[in-house]
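For what it's worth, the working numbering labels the leading residue of the sequence shown as 30, then goes sequentially. Remarks on the structure that follows.
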Amino acid sequence: MIYILMHKTIPVVEMELDDTSCVVIQIYDVINPEHLPIGVANKNHVIDKVALTSWWRRRAIPASRDGLRQALEEMGIALPEILLEKCWGLSLSDQYWICPKNSDLRWEDVNFFDNPFSEDVGNILLGYASSSESLSLVSPDNSSDGWLKKKWSIIDGKRCLLKSGGHSFLQEPYNEVIAASIMERLQIPHVEYSVTEHKQKPYSVCEDFITADTDLISAQHLMEAKKKPNHLTKYQHFVDCCESVGLTGVTDFLDRLLTVDFLIANEDRHFNNFGVIRNAETLEFIGMAPIYDNGTSLWYNTPAHLIKPLSPSIPSKPFKDTHGEQISLVHSFDWLNISALDGIADEYYDLLSASQYIDAVRRDTLCDALDRRVELLREIQNRA
Ligand SMILES: Nc1ncnc2c1ncn2[C@@H]1O[C@H](COP(=O)(O)OP(=O)(O)OP(=O)(O)O)[C@@H](O)[C@H]1O
Ligand SMILES: [Mg+2]
């Protein structure tokens with residue numbers, strides 16, 4: 030099928046997608062190369078088809094998504110990329126989509142920021158069988174990333190992402206809330222999360238921080254736009270990539286990100302779990318995205334008796350393998366008002382008390398462990 034890859038209302042590339050493999054098999058025209066997705070190179074109007082295919086496929090739900098196989102079976106869909114085509118690749122995290130050639134589809138009529146959408150796909154992805162006879166497969170969930178079960182929902186007119194926990198303790202939603210509270214206390218721009226229950230399971234809820242005018246670009250994509258020179262660390266490469274698109278204050282941002290991750294012992298800050306925001310029309314880079322996806326932290330899957338909050342070898346990402354090493358990348362703690370965290374463990378205690386999956390022993394252990402992380406950070410700050 031022949032499509033125009035669109036960026037909001039701007040045609041970017043005319044291309045052909047293979048119906049069964051979803052590979053870009055032909056590029057016919059490069060219309061507005063400056064609007065190509067970041068990281069898809071364009072040399073003299075020649076685009077790397079492999080890179081465009083890879084970008085397109087990475088828009089689909091990842092194969093690692095919890096429960097994906099069963100969900101696809103229920104929908105009668107062979108591949109996540111086929112599901113992606115059903116919503117023209119539209120997303121609630123940026124403005125790219127594909128318009129069938131010669132169709133009269135308009136972005137104004139199909140985008141999910143302004144138009145309502147069915148929750149059929151979202152409910153199936155969460156593992157709830159669909160009750161409706163005829164499923165609507167036009168959903169922003171078809172293009173959502175990450176391995177945890179999740180769905181987009183319109184709550185009081187706002188686009189919100191509901192995300193489940195992934196392990197037997199279902200702790201991640203509560204972690205999102207306490208991490209947001211830590212960042213609120215430390216005055217770090219972040220995404221606000223709350224917890225809601227559905228069928229006796231907790232879900233975190235956060236509002237979409239992208240609007241119909243902006244794109245979220247992950248650190249991963251931004252860093253793929255430039256080849257990393259061998260002598261540069263990934264840290265420096267990320268800083269360089271941000272600065273080359275006009276962003277400033279990157280080191281200050283990373284100081285805060287790495288410090289929060291140290292505090293909460295975050296194990297999953299990979300390069301798709303932070304990023305930057307760009308204006309989709311002017312292509313101007315606006316700033317770092319507020320910090321999101323902090324749930325894979327606070328010993329979310331570790332049995333209580335194995336929790337070692339002071340261990341220097343707690344696994345970390347994305348720059349070093351352990352938090353003990355990664356915290357040394359912070360340039361300055363001058364901004365850190367550690368006393369703003371007084372009482373944070375009590376707040377965590379109250380939050381966890383609502384969980385049916387976390388018993389009193391685990392709750393006490395987690396709160397004590399968080400307290401110890403705060404004290405450890407205080408010592409590190411005093412030594413710096
Ligand atoms: N509030 C939001 N507004 C816009 N886009 C968002 C928001 N929250 C998440 N996203 C997008 O959805 C993706 C998946 O969300 P998130 O990272 O929270 O899920 P996850 O399943 O925990 O991911 P992971 O596999 O990294 O654990 C993010 O990488 C980001 O692109
Ligand atoms: Mg994520």
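Ideal Cβ positions, reconstructed from N, Cα and C, are used throughout, including at glycine.
Following the DSSP letters along the chain, one finds M317 inside the beta strand (DSSP E) bounded by residues F314 to M317. In this structure, L406 lies away from I373, with their beta-carbon atoms at least 8 Å apart.
Rounded to the nearest angstrom, the gap between the Cα atoms of R135 and H64 is 18 Å. Listed in chain order, the alpha helix (DSSP H) elements of length 4 or more contained wholly in the segment 241 to 323 are 248 to 253, 263 to 273 and 279 to 292.
Of D95, M104, N140 and G96, the smallest CA-CA separation from C116 is found for N140. Taking the C-beta atoms as reference points, E114 is found nearer than 8 Å to C51.
If you check the C-beta of G175 against ligand 2, you find a heavy atom less than 7 Å away. For F282, the closest of I293, L245, G316 and S273 by C-alpha to C-alpha distance is G316. The residues V279, in chain order, have a CB closer than 6 Å to that of C271 in the same chain once the five nearest residues on each side in sequence are set aside. Sequence-distant partners of D284 (beyond 5 residues in either direction) whose C-beta falls short of 8 Å from its own C-beta, in its chain, are V359, H360, S361, F362 and W364. Look at the beta carbons and you see the segment 99 to 110 not touching the segment 287 to 294: under three pairs across the two are nearer than 8 Å.
Pairwise C-beta distances place the segment 56 to 70 in contact with the segment 34 to 48, as three or more of them are shorter than 8 Å. Taking D237 as the centre and dropping the five residues before and after it, the same chain places the C-beta of L121 and R188 closer than 6 Å to its C-beta, in chain order. Distance from the CA of E213 to the CA of V59, rounded to the nearest whole angstrom, comes to 44 Å. Inclusion of D322 in the 7 Å shell around ligand 2 follows from its C-beta lying nearer than that to a non-hydrogen atom of the ligand.
A distance of 8 Å or more separates the beta carbons of P347 and R402.
A distance criterion of 7 Å places the beta-carbon of C116 beyond contact range of ligand 1, judged by its closest non-hydrogen atom. DSSP, read as helix, strand or coil, puts Q55 in strand.
Taking 4 residues as the minimum length, the alpha helix (DSSP H) runs contained wholly in the segment 66 to 153 are 78 to 87, 97 to 104, 109 to 115 and 136 to 139, in order along the chain.
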